[in-house]
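Chains as they are written, first to last, in the working numbering: chain A, 88 to 1127; chain B, 41 to 341; chain C, 324 to 499; chain D, 88 to 300; chain E, 842 to 959.
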Amino acid sequence: MVSALSFIALPLGTAFTLGLLPQGMQRVNYLLTLLALALLSLIAASWLLAFAAGEIATQQIFTAGTTPPFSINLQIGMAEAAGLLLLNLTGLLSVIYLRDTLHQQGARAMAVLLIFIMALSGIVLTRDLFNLFVFIELTTIATGGLILLSHDKRALGAGFKYLVATQIISITLLIGTIFLYHDSGTLNIDGMAAGGLITGESLALFLVLIALILELKPFPANGWALDIYESAHPAFSAILSAAAATAALFAVDRLLLVGSNSWLPLATAVGVVSFVGANLLALVQRNDRRILGYSSIAQMGLLLVVVGQRDILGESYLFIAGGILLAHAIAKAGLFWLSGIIVARDLSDWRALQRNPLYIFAFATFIAMLVGLPPFPGFYAKWDLVHLLAAHDRIALLLALLFASLLEALFLFRWFGYVIKGEANPEGIICARNKLGVIAAATVAAWGVAYLWGEMALQGNLLYSIPLLAALAFLLLEWLAVPYKNVLAISVLLGWFVVNYADYNPLQLIFAVIILVGGPLILLSSFYARGRRIGFYPATMLMFAGMAQLIVAKSSFDFFAAWEILTIGSYYLILRGKASEPHAISYIIFSLGGAFLMLTGFALAAAGDLNFLLSNLSEVAPAVAPWVFLLLAIGFMTKTAAIGVHIWLPGAHAEAESDVSPMLSGILLKAGLFGLMVLMLEMGRQSLYGVDLTHVMLWIGALSALLGNLMAAFQEDAKRLLAYSSIAQLGYALFGLALMNHLGWLLALMFVINHFIYKSMLFLSVGGVAKRTGTRLMYRMGGLITLMPLSFIAVLIGIIAVSGVPPLSGFGGRWIFYNAIMTAEYRLPLIIIFLAGPIAFLYLFRLIHTIFLGQLKDEHRQLREAPFWMILPQMIFVACLMVFALVPGLALKRVDHYLLQYFPEGGLSWDGLTITSHFGYWSPISIMVIVGVIFMTLFAWLLFVNRRAQKVKQFNIVFAAERPFRPETTHFAWNFFAPYRKALGFLTEPLVTRFWDAIGEALHSLAELLRRFYNGNGQTYSVHLLAFVVITFLLARGVS
Amino acid sequence: MQFDWMQIPYSLLTLFIVLNYGMLLNALIAKIAARVGRRHGIPIWQNYADLLKNYGIRSSITHGVMFYLGPVFRLAGGVGLLLFVPTIFGSEMFSNLSFAGDLILALYFVFFGTLGMALGAGESGHPHAAIGVSRGLSQVTTAELPFALAVFAVALQYQTLSVTDIVAAQQGGFLNWTLFTNPFAVAAAMLGFLGSMMRPPFDVVLAPQEIPIGPPTEYHSSYLALMQTNRMIFPIAKIVVYMNLFFGGAASWPVFFIKVFFIYMVSVLVGVVFPRFHVEQSVRWFLVWAVPFGIIAVLMV
Amino acid sequence: MQALYHRLKALFPLGELTEQRENLVFVTVDAAHLRSLLLQLRDIEGFTHLVLLTAVDWIETGEFQLTYLLGNRAKRQDIGVRVMLSREQATMATIHDLWPTAATYQRELREMFGIDFPQSPGVNEEFILEGWNDIPPYRRDFNTLDYAEATYNDRPGRESRDPATYMREKLYGEGH
Amino acid sequence: MKPELEKRIVKGPDGFEFEVDPIRDYFCETPPTVMTAAYSAIIEKLFNWARAESIWILGFGTGCGAIEMRPLMTPRFDAYRYGVQWRPTPRQSNLFIISGYLSVKTLKRVIRSYEQMQNPKYVVGLGSCTINGGMYWDSYNTIKRLDDYLPVDLYIAGCMPRPEALLAGIVELKKIIRAGKAEGANIYAEKFEWYKANQKRVIHDWDMPDYNW
Amino acid sequence: MAYIALATGFLLILIGLYGALTHSHILRMIVAFTVANTGVNLVLVGVGYMGGRTAPILDKAVEVSAAAQRIIDPLPQALVLTAIVIGLGVTALMLTYAYRLYVTRGTLDISRYTELKW
C-alpha cells in the first residue's frame, strides 16, 4: 500500500512544483494537477479495495518517529478510504470540469485547489486536534482563494463574509482546543477519548464540537455559506458541498467520540433543526445554486442526525451514514456541475436540459438520489434509519425527518417539473465536452453506488429485480420508434404474466391480470403515437414493474420498494401531460407523504427487524398494532385517493395523456387497494381509543363515494369528471373492504375488475374524443354520435356498466353490495352510500349527453372517428364487459372460494345460471336474455310501425315556432346541473383543497418570513454564529 | 324457480291485464282529478283513443339511432320491471320472470328505461329535453334515497332480498303488513314514491309551461305511443313493488286492482293539492322530510 | 308648467307652449337644441322617464314631427318635446345614451317612417316587419290599400259595410 | 338572410378549413311526401275513429282568437270530454287552430309549426280574418286568405267566434276526420309547389328550408 | 501570571469580537479580528503552560519514559506559532479581499454587500 501520507505529501509537492514551473505552461500545469489527483484517487481506491476485501485492518500512521501525544498521527480505515476516494475523485472531476477556468487563472489557482484537496484529506485522516485546526484553516484560506474562481462579481462579498465567519469559528475552535488540551494533556483525539478525562459537560469539548459543527453550516447560522453556494463557481460549490462537508463530517464524527455519547443529542438536535429548517427555506427559493446550497445544508443536517443517533444504529451506522453521504455527495456534485452548463440562474432556466434526454436522465438520477428513492443508497439508508429509530421509540425525531424529507421532495420535484415542462430556451445551455463527461461520470457513479448499496443491503439488491431491470432496459431502447417499443413492452408484460401465472393466488391473480394483461390492452392504444416518445416507455414500465413486484412482495421492504418504484414511474407518466406540472407535484407529494406514513407504519411493526415479512403483520404487538394499521391505511388511501387526500387525483388524471389516464385510473389506483387488502387480511379489525378503525374507513369510503360523485357531476372537463368518478368508485371499493365480511370483499374485488374495465374504456374514448376535438371541455363538444359511433358505443356501454343498471356488469356489483350490507354492523355510513348511488347518473348522463348527443358544433362537422388504435382496446373492453356481465363467475368464483379461508361466512353459491346468496339470488344470463328479448321485440315493433321515418338534421327541432340560432346556443351543456348545485352544491365546497392549500401556503409564508433572517450582512451572520453557539450551549446545558 | 316456456304466455297475460288496467286506471284518475276541478273529464276510454291515434300517425321523423331507441328502452324498462317482480302472491302463473333476480334487480332495473329515454331525448338535440333530463336526474337522486333506505330496512327486517319471501312474511292479516310492522320505512318509501310519480309537486321535469315538455319534446307518433304504453305500465309495475314490500302484496287480481288503485291515489291526492316545487326545493324537501324516516327505519330494524 | 316653460325659454330657443292638460304640455325646439333641452329636463327638472318617442308624418308641409314625451314621476307631469324634421333629410341625432330604451323607439321609427338615427344600436335591423321591401309603411305617401290588394289575395264575394248601419239594418230592420 | 344562416368558413380542431352552409347542413331539405293510408280499410277506420276522438291542439295562439280557446279548458266548456287536449309541441299535436288575423311575420312561424306537425294534421281557421282578412282587409301586413298558404279543413266564422262556436267547430271537424276526409297534410304535399309559391310571395325574406321537418 | 495572561487574552478576544461586530468598515473589522486573534494566542500560551514542569528538552534530566509527566508539552507553543502564521495568512487574505472589494465596489462598508441574501 502506498502510504496514507501521500494524500498530504503528493498534492503539497505538486502544488509547490506548480509554483516553481515557469509562467505560461498552463497545459503542463494542468496535466500535472490532473495527474496528481488521478493518482490520489487511485491510491484511495486501492486502499478502499484493500479494506473492502478485508486484506488489511485500520492503520495508524505515526509521524515524527514517536507516538502521540508527542507527534501527530493519522489513521486510515475503510470509512477514511472511502472519504478520501470521494474527496479526490470530486477534486479530479472538478479539475476536469474547470479546465478552461484553470487555464485562464493559471498555476496558482491549480495549486490552491490542490492544497484545498490536501487539506480536506488531512481533515479526514488526522487524529490530532491541532492538526485538524491547521487543516481547517488551510481549507478556509484555500476556499477564500477558490471563491475568486467565479465570474460572479458578487462572490467577492460572499467570500469576505465567509472569511469573517471563519474567523469566529477558528477563534472558537482554538479556545476549545487549548482548553481540551488543558484538561486532557494531549491533543490526540483518540488519546482524549481514551483518557476519559473529558467529561460530557466539558465546555471546551463543546466549543470544539460546535466549531466543527459550524463548519457543516448548520441552519440557521449559515447565511454566509449560502451566499458562497450561490455565487461561487459551480465546480467549486460541488467540491464545497460534496467534499468539504464530507470532511467536516468526519471531523465531527471523530470529536463526538471524545464526549462518549454525551454530545450525541446535541448533534441530533442541530441536525434535525438544519434538516427541517433548510428544507423549509428552500421551498421559496428560485435560484438554482442557492437551492442546492440549502439542500446541502439539509443533507448535512440529516447526516448530523445519523451521527447523533450512532448510539442506536450499531452495525448499520456506516451503511446508513455512508449511504446518505454518498447519495448527497454524488447528487449534489452532479447538480452543481449541471448548474455550470446552464446559462441562467432561475430554476425554470434548467428547461434547457430538455435538449437532450440524457441530461434529463442525469438530472432525474440526481434528484431521485437526493430524495432517497429506490434503488439509490439513500433509500436503503433511510429504510434502516427509520426502522432503527422506530425500534428505539424515537418517533418524534422520525416524524420530523420524514416531514423534512417531504419538504425536500416538494422543492426538488417541483424543480424537476419546471424542467420537464415548458418551452426551453435553446441557448440556455453550454455544452463543453469536459463538463458533460464529468456529469456523465457522476451519473455512472450514482448508479454504481446504487448497485453497491444494494449489494450491501440486508434486504437484497433491488437492481436484481427483473421487472425493474426490464423497465430500465427501456432506457437503452429509447432510440427505437414507438411501434417497436410498444410491441416489446406489451410482450414483456404478457411474458412476465405467463411466466408467473402459476405462482399467483386467486387474489393476486385478479390484480396480476389487471396489471399484466390489462396494461398491454391499454398499451395497444399507444400504437397511435408517432416518433419515439422519449420517456414514455421507461416510465410506464417502471410503473408496471412496481405494480408487478408489489403484488408478489413478501417482505415489507420489497413491498415498500415496489411502492416507491411504481410511484416514481407514475409520477413521470403524469408529468408528461400538457399542463400537468402542478398536478404531478401534488401527486408525488401526496404519494411520498403516504409512503412515509407507510414507512413509519412498517418500521413500527417491524420493531427493529430490518427485513420484516408482511405475513408477520398479524403478530404485531397489540400496543402498536392499531397505529401500524392506521399509518399503513392512510398511506394506502392516499393512493386510492380517499376523500381528504384526493386532491392530487383529478388534475393528475385529467391532464395526463390519452393513453396514460386509463393506466393511472384503471390500474395504478388498484395498488392502494391491494395494499389495503393485504393490510386488512393480515391485521383484521383494529381499534384505537375504542374507535373501530374499519368503521372509520367505512365512513371515509362512503364520503369518498358521495363527494366524488357530487364533484364529478359539476365538472365541465370530461376527464376531470371521470377522475372524480374514480374517487367515488374507489370509495365504494374501500367501503366494501371496510365491511370486513365475505361479500364486502367480493364487492371490492368486483369493483376492482369493473372499475378497471369501464374506467379504462371511458378514459380511452374520452381521450380519443378530446384528441379529435382538441378540447376536454364537454360543453364545447356535442352531437358527435354520428361522427364517432364506436367511441359512443364504448361510452354508452361504459356508463350503463358504471351506473349499475342491469343487464351489464355494474349491476353485479350493486347486487353483491346489497347482500354485503345485509350483515353490516354499522348502518349510518350506508345512508351516505345510498345517497351517492343515484348521483352517479348525473355525471354519467352528462358525460354522454354533452359529448355525443345534443348539437354538433360547426368546427366539428368534419371530425373523424378516434384513431384505430384507440378504438381497438375500447372494443375489446366492451367485449370483456359483456363477458363479465354474463359470466361474472369466471373471475369471481375462484376469489369467492379463496376468501372463504379468511371469511368463512357468507359465500355465494354458483349453481347453474343463478348466483345465490344467503339473502337473494341473481341470474345474469337470464336477465340478459329477458331484457334482450323484450328489447328486440319492442324494437322490431317500432321498426314496423315507424318504417317511414324521415331522418332529419340537427336544427329540425321544434323551437317555439322559431329556429335555433347556432349550435353553441342550442346545446344545453354548460353548468348542466345548475339547480342541483343550488341544492347540494355546498357539499362540493373545496374544503379539502383549501385545507391543503392553506398548509402549503403557511409553509411557504413561514419560509418566506424565515429567510428574511438572512439579510445579507456579514456582521449579522457573525451575530448569528455567536448567538448559535451561546443558545446551543444553553439549550444543551439545559437538556443535560 | 327455473325458467319454463309456459312462463312466456303467462307473463304476456300479466302484461295484457296490467296494460288494460293501467289504461283505465289512468283515465279514471284523470277523471278524478278533473272532478276536483269540477270538470267532467275525459272519457274512460280516452287513453285507448290516444294510443291508437299515435300508432296511426303516418309520418314521423328521427334524429338518429339513440333517438329511435329511446322509447324502446323506456318501454323495455317498464315491461321488464313488471315482469321481474311477481305480481300475484302464491300464483305460479303470475310470478312472471322473477326467477331472474330479486328485489335488487327490480330496484336497479327502474333506471334502465330512464337512462335510455334520457339518451334518446338527448339525441334530439333539443335543449328542453336536456334541461328536463337534468331536472329529472337531479330530483331522482334524493327522491330515490328514502325508498332505498326503506327497501334496505325491509330487507333487514325480513332478512331476505327475495320479493316472494318478503310478501310471504307479511301474510296472515293486514297487521302483518310492513305498513304496521315498520311504519317508518313505509313513511319514507311513500314520500319517496311521491317524487317518482311525475305528479305535482314533483313534476318540474315536464313542466309544460316553461320547458314544453321536457325530455319528450321531440317525440311523436309511434315513439310517443310506446312511451304512452310505458306510462300505463310503469307506474303500476312500480306500485307492485311497493305493494309487495309494504302492503302485503296481492293474492288475487281483485285485491291487486284495489291496492294498486289506493297506492296510486296517494300521489294523486297530494298532486291535486300542491303546486310545483323547484328542483332544489324538492331535493331539500326529500332530504329534510323523507330521509329522516328512512334513517330511523334503517336504524330501528 | 308655465314656470317650467319660462325657465326653459330662458335657456333655449323654444317654440310656443301648447297646454294639453294641466300636467301635459308640448313645446317645440329645433333639432340642434334637442339634446341639451332633454338633458336639462332629465337632470335638472326631474323628467327622468322617456315615456315614448314617436313621429307624425306632416306630408303637407314636407316634415316629420318627432315627439319626445318625458315624464316627471315625482310631480306627475309630462312634457312633450317636438322636433320638426325635413322629410327629405329625415335624420336625427340619437339619444339612446340618455335613455337606453330610446334605441328601440328609434329602431321602430327607422323601420316605419324611414327616419334615420345614426349610431343608434341596431337601428338598421328589422324590428316588426321582416323582409319589407317597399317604402316605410307609416309614411303617408305609402298606400296601404293598394299594397294589400296587390300583395294579398282577396277572397271573392267579400262585401264591406258600415258596421253601424249594417247592425241597425240587421237587428232592427231599419234602412229599407 | 340572417348572418347566422350565411355560409361560413370554419376551421376544424386539426386546422383544416371547410365551409359550413347552415341551411343545407343544419336543416333537412327533403320535400314532404303524400302519405296515404297504409293499412287495410278496417284498421284505417279504427284509426280514423281514434284520430277523431283524440284531438291534440297545438298551443299556439296567432291572433286575438287565442283568448277564445282558453275557456275551453275551464269547467264551463271542458273540451277534454271530447277528447281534446292542448300540447305544447307541434310534434305531438294534430290540430292547428289559426286563431285570428295572421301577420306575415306570424305566418312564417305558423308555416314552420305546421310543417313540424305530423301527418295526418288538421287546420282550423278561427274568425273572419282567416277567411277574408276581416277587419284587416286593407292592412299592409296581414294575409287575407288562409287557405292560400295552408290547407284548411274547417273555418269558424265570426269576429270573434265564441267558445261555443269553437266547440261546435271541433265537433264538425271530428265528423270530417271520422269520414276520412281530413287529408290536409296530403293536399299540402301534393300542391306543395303552389303553397310554397304563395307563401314566398308574401314572405320576402324566406330564410328557411322549403319544408321544415 | 498565567491568569493575567488568560484574562487579558479573553478581554482582547471580547474587544476584538465587539469591534468586528460593531464596525461595518471592513478594514476596522480586520483590525478587530487581528486583536481577537492576538487574544486567542495569549490564551493559548496562558493555558498551555503547566506549573512545575520543565522545558521539553529530552535529555538526561528528563527520561523519555517519564516525559509525559515531567515536561511541559511544547505543542501549545507550536500551536501558537502556527496559529499566528495562519492568522497572518487569513488577515492577508482578508486584506486582499478588502482591496478587490474596494476596486470593484468602491466601498468598504460591509453592509453594502448584501446583494446576496435570503
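Every residue, glycine too, gets a C-beta built ideally from N, C-alpha and C. Computed from a predicted model, the values in this text were never measured in an experiment.
Checklist entry - Do M63(B) and Y88(B) come within 9 Å of each other at the CB atom, strictly closer than that value? => result Looking up residue 88(B) in the second sequence gives position 48. Looking up residue 63(B) in the second sequence gives position 23. Yes; because the gap between Cβ atoms is below 9 Å, this pair is in contact.
Next on the checklist: Taking the alpha carbon of Y263(B) as the reference point, which residue from K278(B), I251(B), Q47(B) and S100(B) has its own alpha carbon closest?
Outcome noted: Stepping through the second sequence from its first residue, residue 263(B) is reached at position 223. The option with the nearest alpha carbon to Y263(B) is S100(B).
Checklist entry - Assuming S865(E) and Q1106(A) make a contact with CB atoms under 8 Å, what is their CB distance in whole Å? => result Numbered from 1 along the fifth sequence, position 24 holds the residue referred to as residue 865(E). Numbered from 1 along the first sequence, position 1019 holds the residue referred to as residue 1106(A). 6 Å between Cβ atoms; contact.
Checklist entry - If you draw a straight line from the alpha carbon of V921(E) to that of L550(A), how long is it in whole angstroms? => result Sequence index remark: in the fifth sequence, residue 921(E) carries index 80 (1-based). Sequence index remark: in the first sequence, residue 550(A) carries index 463 (1-based). If I take the Cα positions, the gap works out to 54 Å.
Item to check | K726(A) in three-state terms, based on DSSP | outcome: Here residue 726(A) is taken as the residue at index 639 of the first sequence, counted from 1. Of the three classes helix, strand and coil, the one that applies to K726(A) here is helix, per DSSP.
Item to check | Between the CA atoms of A1094(A) and S318(A) - distance to the nearest angstrom | outcome: Walking along the first sequence from the start, residue 318(A) turns up at place 231. Walking along the first sequence from the start, residue 1094(A) turns up at place 1007. C-alpha separation (whole angstroms): 21 Å.
Checklist entry - According to the neighbour-count rule (16 or more other Cβ atoms, all chains shown, within 10 Å of its Cβ), is E744(A) buried or exposed? => result Against the first sequence, residue 744(A) aligns to sequence position 657. Buried.
Checklist entry - Can you tell which of V58(B), D44(B) and F220(B) has the C-alpha that lies nearest to the C-alpha of P275(B)? => result On the second sequence, residue 275(B) is found 235 positions in, with the first residue counted as 1. Cα-wise, what sits closest to P275(B) is V58(B).
Item to check | Unbroken beta strand (DSSP E) run spanning V348(C), endpoints | outcome: Stepping through the third sequence from its first residue, residue 348(C) is reached at position 25. L347 to T351 is the span of the beta strand (DSSP E), which, as asked, contains V348(C).
Item to check | Any 3 or more C-beta pairs closer than 8 Å across the stretch 189-196 of chain B and the stretch 327-337 of chain B | outcome: yes
Item to check | When A247(B), R271(B) and A265(B) are compared against V173(B), the one with the closest alpha-carbon | outcome: Stepping through the second sequence from its first residue, residue 173(B) is reached at position 133. For the residues A247(B), R271(B) and A265(B), the minimum Cα distance to V173(B) belongs to A247(B).
Item to check | Close beta carbons around K261(D), own chain, < 6 Å, minus the five adjacent residues each side | outcome: As a first step, residue 261(D) must be located in the fourth sequence, where it is residue number 174. Only A139 meet the Cβ criterion.
Next on the checklist: If you reduce the DSSP assignment to three classes, tell me which class I912(E) lands in.
Outcome noted: Here residue 912(E) corresponds to residue number 71 of the fifth sequence, with the count starting at 1. It is a strand residue.
Item to check | Where F183(D) falls: helix, strand or coil (DSSP) | outcome: Along the fourth sequence, read from residue 1 onward, the residue named residue 183(D) stands at position 96. Strand, per DSSP.
Checklist entry - Based on Cα-Cα distance, which residue from I787(A), G401(A), G681(A) and A741(A) lies nearest to K846(A)? => result Here residue 846(A) is taken as the residue at index 759 of the first sequence, counted from 1. Nearest C-alpha to K846(A): A741(A).
Checklist entry - How do the stretch 949-959 of chain A and the stretch 854-868 of chain A stand: do at least 3 beta-carbon pairs fall below 8 Å, yes or no? => result yes
Item to check | Proximal chain E residues relative to Y1101(A), where beta-carbon distance stays under 7 Å | outcome: In the first sequence, counting from the first residue as 1, residue 1101(A) sits at position 1014. Here the neighbours are K958 and W959.
Checklist entry - Where does K304(A) land, buried or exposed, given buried means 16+ other C-beta within 10 angstroms? => result Sequence index remark: in the first sequence, residue 304(A) carries index 217 (1-based). So K304(A) ends up on the buried side.
Checklist entry - Which two residues bound the contiguous alpha helix (DSSP H) that contains M205(A)? => result What you label residue 205(A) is simply residue 118 of the first sequence in a count that begins at 1. Residues A194 to L212.
Item to check | Interface flag, V872(E) vs chain A, CB-CB below 9 Å | outcome: The residue given as residue 872(E) occupies position 31 in the fifth sequence. No, no contact with chain A.
Checklist entry - Looking at the C-beta of R138(D), does it have a partner C-beta in chain B at a distance below 9 Å? => result The residue labelled residue 138(D) in the question sits at position 51 within the fourth sequence. Yes - at least one Cβ of chain B is within 9 Å of the one on R138(D).
Checklist entry - Using the rule of at least 16 other Cβ atoms within 10 Å of the residue's Cβ for burial, across every protein chain shown, is Y489(C) buried or exposed? => result In the third sequence, counting from the first residue as 1, residue 489(C) sits at position 166. Exposed, since its Cβ has fewer than 16 Cβ neighbours within 10 Å.
Checklist entry - What's the call for T467(C), buried or exposed, on a 16-neighbour Cβ count within 10 Å? => result As a working mapping, residue 467(C) is identified with position 144 in the third sequence. Its Cβ having fewer than 16 others within 10 Å, T467(C) is exposed.
Next on the checklist: Strictly by DSSP, which residues pair up with K98(D)?
Outcome noted: The count along the fourth sequence starts at 1 and reaches residue 98(D) at position 11. DSSP, once it has assigned bridges, lists E104(D) as partnering K98(D).
Checklist entry - Taking only beta-carbon atoms, is P460(C) less than 9 Å away from chain D? => result Translated into positions along the third sequence, residue 460(C) becomes position 137. It does: the Cβ of P460(C) has a partner Cβ on chain D nearer than 9 Å.
Next on the checklist: Cβ closer than 7 Å: which chain D residues qualify as neighbours of S261(B)?
Outcome noted: On the second sequence, residue 261(B) is found 221 positions in, with the first residue counted as 1. In chain order: Q205.
Item to check | Cβ-based contacts, 9 Å cut-off: residues of the stretch 62-86 of chain B near chain D | outcome: A70, A74, G77, R78, R79, H80, G81, I82, P83, W85 and Q86
Checklist entry - By the criterion of Cβ-Cβ separation under 9 Å, what are the contact partners of D90(B) in chain D? => result Within the second sequence, numbered from 1, the residue matching residue 90(B) stands at position 50. Chain D residues near D90(B): A137, E140, S141, W143, G170 and Q172.
Item to check | Simplified DSSP state of Y1008(A), which is helix, strand or coil | outcome: Start at 1 with the first residue of the first sequence, and residue 1008(A) comes out as number 921. Strand, per DSSP.
Checklist entry - Name the DSSP bridge partner or partners of F149(A)? => result Within the first sequence, the letter at position 62 stands for residue 149(A). According to DSSP, which records beta bridges pairwise, F149(A) is partnered with N160(A).
Next on the checklist: Alpha carbons only, please: which of Q442(C), R399(C), L392(C) and L393(C) is nearest the one belonging to A416(C)?
Outcome noted: On the third sequence, position 93 is the one that residue 416(C) refers to. Out of Q442(C), R399(C), L392(C) and L393(C), Q442(C) has the C-alpha closest to the C-alpha of A416(C).
Checklist entry - For K806(A), is the classification buried or exposed, using 16 other Cβ atoms within 10 angstroms of its Cβ as the cut-off for buried? => result One-based indexing of the first sequence puts residue 806(A) at position 719. Under this definition K806(A) is a buried residue.
Checklist entry - Roughly how many whole angstroms lie between the Cα atoms of Q179(B) and L234(B)? => result Working through the second sequence from its first residue, we reach residue 179(B) at position 139. Working through the second sequence from its first residue, we reach residue 234(B) at position 194. Using only the alpha carbons, I get a separation of about 11 Å.
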